[in-house]
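Letter by letter, the sequence shown follows residues 1191 to 1469 of our numbering. Glycine is no exception: its CB is placed at the ideal position from the N, C-alpha and C atoms.
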Amino acid sequence: MGKLISILITIGIIPFCGQMVSAVFSEMQQMSSPLLRPPPYVEVNEFISKLGEFDSFQGELPILRIKRTFDNTATVQEFTRRFRANCLQSESSINNTQATINFPCGSAVKTLGAVGSGLVEEVIFEYLRENRGSNPSARKAGIIALGFLGNNQNRKNGGTIPPEDGPVPQTVNAAKEIVNCLPTSLRPTKYSQRNQLTLCDSVWKVKDRNNRDEIRWGLVSLALTGSTEAQEVLENLKGNSAEGTSRQAFVKELLKLHKKASKKNGLLCLNDPENSACQ
């Protein structure tokens, strides 16, 4: 994993995988009964108070803590409400009394992706739409969040909401949305036809300097989904990359990332490779 991160740094991708601090998890104990849990507002406040400790682009998202905190609809809805009030321009102007100073929107949107239920899909896409072309760092965080969302969708019981809360319909396929925005030359022929675009206004162009970051982060996010669509796109890119080029090296590393992300505990092991579940 350390070698993978070093290579991604070398080719210009800011690492998003890292080692988790064990204290992050030890302080969060699973409640034995819902009756003993604090109200959602208190749980979300506690989570947000520590969220700023996790750099949005140095990895270290507390996956286990996220799963324990957002294991019911009420806490997901409360966190989403707080995110809307602090991080969405359309909401913050009318909910400024709920705003929190220095709310870590980058880490928060990635948290929503890690939560991964249908309850958070629209707010992630809204965040991406609002930051389209105007806030590169926020845009990157949103695209990575989309990869986390897609990874959860790729699991049969995707997301942290337990089955007893009832099925939540997934209206957006995150992996396909990313593929739809990639330049035609980077997609297999079967993906030549596009549906209505949600993630981008138009297909990203390789020759457009403003789109190059989108393409690079889009491919990283696609690999993070661990999906069949991701493997097809990356294998296609590998086959069309000249031997010994930086492009081929980049695609090979993305395929390694995809392989790890596609496993059962993919997100956990990318963020906490020393966890016993990853050995």
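- The beta carbon of Gln1438 sits closer than 6 Å to the beta carbons of Ser1431 from its chain, once the five residues preceding and following it are set aside; these are given in chain order.
- Counted as a single uninterrupted DSSP element, the stretch harbouring Arg1227 is not any alpha helix (DSSP H), since DSSP gives it neither H nor E.
- Here Val1423 is near Pro1378, since their CB atoms are less than 8 Å apart.
- Counted as a single uninterrupted DSSP element, the alpha helix (DSSP H) harbouring Leu1424 occupies residues 1418 to 1429.
- Residue burial is scored here from C-beta neighbours: Arg1272 has at least 16 other C-beta atoms within 10 angstroms and is therefore classed as buried.
- For a cut-off of 8 Å, the C-beta gap from Ile1253 to Asp1462 is around 7 Å, short enough to register as a contact.
- Taking the C-beta atoms as reference points, Glu1268 is found nearer than 8 Å to Pro1230.
- A straight line joining the alpha-carbon of Leu1278 with that of Gly1434 spans about 43 Å.
- In this structure, DSSP gives Ser1392 a state outside helix and strand, which the three-state scheme calls coil.
- Collapsing the DSSP output to three states places Thr1435 in coil.
- In the three-state reduction of the DSSP assignment, Phe1237 falls in the helix class, which pools H, G and I.
- Residue Ala1420 holds the alpha-carbon nearest to the alpha-carbon of Leu1336 among Lys1453, Leu1241, Ala1420.
- Taking 8 Å as the cut-off, the Cβ atoms of Gly1296 and Ala1328 count as close.
- Here DSSP, grouped into helix, strand and coil, assigns Val1310 to coil.
- Listed in chain order, the non-local C-beta contacts of Thr1388 below 6 Å within the same chain comprise Phe1315, Glu1367, local neighbours out to five positions each way being set aside.
- Excluding five sequence positions before and after Asn1401, the CB atoms of its chain that fall closer than 7 Å to its own CB belong to Trp1394, Lys1395, given in chain order.
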